[in-house]
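A quick write-up on the structure given underneath.
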Ligand SMILES: [Zn+2]
Ligand SMILES: [Zn+2]
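Residue numbers (this note's numbering): 1 to 343.
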């Protein structure tokens with residue numbers, strides 16, 4: 001089977017490797033669609049995210065869907081032919097945090113495409129059946145792959161716990177920002193301001209229910225004006241850019257909440273301490289998602305969340321480098337570049 005490995009920054013090479021055999025509790029999945037996420041881009045371009053460094057050739061890709069090809073001897077709830085979305089993280093189920101249900105913060109949790117765990121840019125993968133969510137065939141494989149970012153949006157919204165009358169500001173309208181926006185709207189929030197430098201993404205935000213859009217250069221004034229100088233009740237950072245992180249504390253109201261979802265290149269979050277302290281802000285650092293993928297699938301199936309809007313461009317596996325470059329450039333209206341491993 002084809003396996004695409006990252007050997008170092010910007011160095012993707014196709015390998016021919018044997019198809020794996022599922023263990024008793026695993027299924028073999030033929031991969032269909034894989035979304036290229038900002039975290040994949042960090043590894044692709046920089047060979048690292050913070051202290052996690054690519055030291056041996058790794059397979060990227062964690063926003064994935066596919067078809068069950070075969071199942072291990074103990075698997076009873078999935079069968080060949082089932083369409084699945086893959087949960088990219090494998091919690092240990094034994095630590096204190098797993099036992100309390102906080103699977104996403106299981107220390108050292110293995111995660112697709114994060115060294116040393118191989119991800120989904122390959123023809124087949126074996127994965128525990130419990131981490132493969134069966135999805136209805138009304139969802140396309142691209143949509144099923146987009147359940148991963150949508151689940152992050154739902155989780156961030158759960159943590160933010162907005163009231164319908166809150167003003168929510170979302171910084172960044174990429175795949176995650178637009179997922180957070182949809183989650184917040186689904187939660188009944190009436191006023192959502194989205195700050196985003198790329199015009200096509202601002203338009204997408206308006207289509208998905210943003211009340212108002214602005215840009216990073218005008219966000220502080222616009223949000224102050226929009227809230228009569230009070231500031232946003234909740235600010236959700238979805239870019240990983242230092243300037244946006246800094247803005248969260250400036251944009252939030254007194255006793256407001258800021259949520260940091262984006263992954264920075266530098267492994268530091270810069271705040272103006274004075275803003276954060278004088279306003280006595282509550283900061284929540286969001287670690288992916290926890291138990292929200294199934295809800296994302298239901299909301300998409302019910303037409304309450306739009307997964308298709310995120311999957312804007314498609315590339316065959318051989319052209320993954322082009323998908324990475326397009327995703328990095330944020331040009332041509334791209335939200336998520338999808339690598340179509342098989343049609
Ligand atoms: Zn992702
Ligand atoms: Zn654990």
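Even for Gly, the Cβ is constructed at its ideal location relative to N, Cα and C.
Check: Using the C-alpha atoms, what's the distance from residue 64 back to residue 139?; Outcome: 13 angstroms
Check: Relative to the C-alpha of residue 308, which residue among 329, 283, 35 is closest?; Outcome: 35
Check: Got a sec: does ligand 1 put a non-hydrogen atom nearer than 7 angstroms to the Cβ of residue 62?; Outcome: yes
Check: Among 253, 263, 255, which has the Cα closest to the Cα of residue 243?; Outcome: 263
Check: Nearest-angstrom Cα distance between residue 288 and residue 105?; Outcome: 9 angstroms
Check: Using CA atoms only, rank isn't needed, just tell me which of 333, 329, 321, 328 is closest to residue 13.; Outcome: 321
Check: Below 7 angstroms, is the gap between the Cβ of residue 39 and the nearest heavy atom of ligand 1?; Outcome: yes
Check: Just checking, does the stretch 50-58 make contact with the stretch 113-125 on the three C-beta pairs under 8 angstroms criterion?; Outcome: yes
Check: Rounded to a whole number of angstroms, what is the C-alpha to C-alpha distance between residue 337 and residue 108?; Outcome: 28 angstroms
Check: Grab me the residues of residue 20's own chain with a C-beta within less than 8 angstroms of its C-beta, minus the 5 sequence neighbours each way, in chain order.; Outcome: 28, 124, 125, 126
Check: I need the straight-line Cα distance from residue 17 to residue 51, nearest angstrom please.; Outcome: 29 angstroms
Check: Assuming residue 297 and residue 161 are in contact, meaning their beta carbons sit under 8 angstroms apart, how far apart are those beta carbons, in whole angstroms?; Outcome: Contact doesn't hold; Cβ gap of about 22 angstroms is too wide.
Check: Determine the direct distance from the alpha carbon of residue 45 to that of residue 10, and round the result to whole angstroms.; Outcome: 6 angstroms
Check: Between the C-alpha atoms of residue 137 and residue 81, what's the straight-line distance to the nearest angstrom?; Outcome: 10 angstroms
Check: Following a CB-centred definition, is residue 318 positioned closer than 7 angstroms to any heavy atom of ligand 1?; Outcome: no
Check: For residue 312, report the span of its beta strand (DSSP E) as first-last.; Outcome: 311-316
Check: Return the Cβ separation of residue 153 and residue 195 in integer angstroms, given the expectation that the two are a contact with Cβ distance under 8 angstroms.; Outcome: So it is not a contact: roughly 16 angstroms between Cβ atoms.
Check: Cβ of residue 135 within 8 angstroms of Cβ of residue 145?; Outcome: no
Check: Using the Cα positions of residue 163 and residue 214, report the straight-line distance between them to the nearest angstrom.; Outcome: 22 angstroms
Check: Over what stretch of residues does the alpha helix (DSSP H) that includes residue 149 continue unbroken?; Outcome: 147-160
Check: Can you determine whether any heavy atom of ligand 1 sits closer than 7 angstroms to the C-beta of residue 148, and answer yes or no?; Outcome: yes
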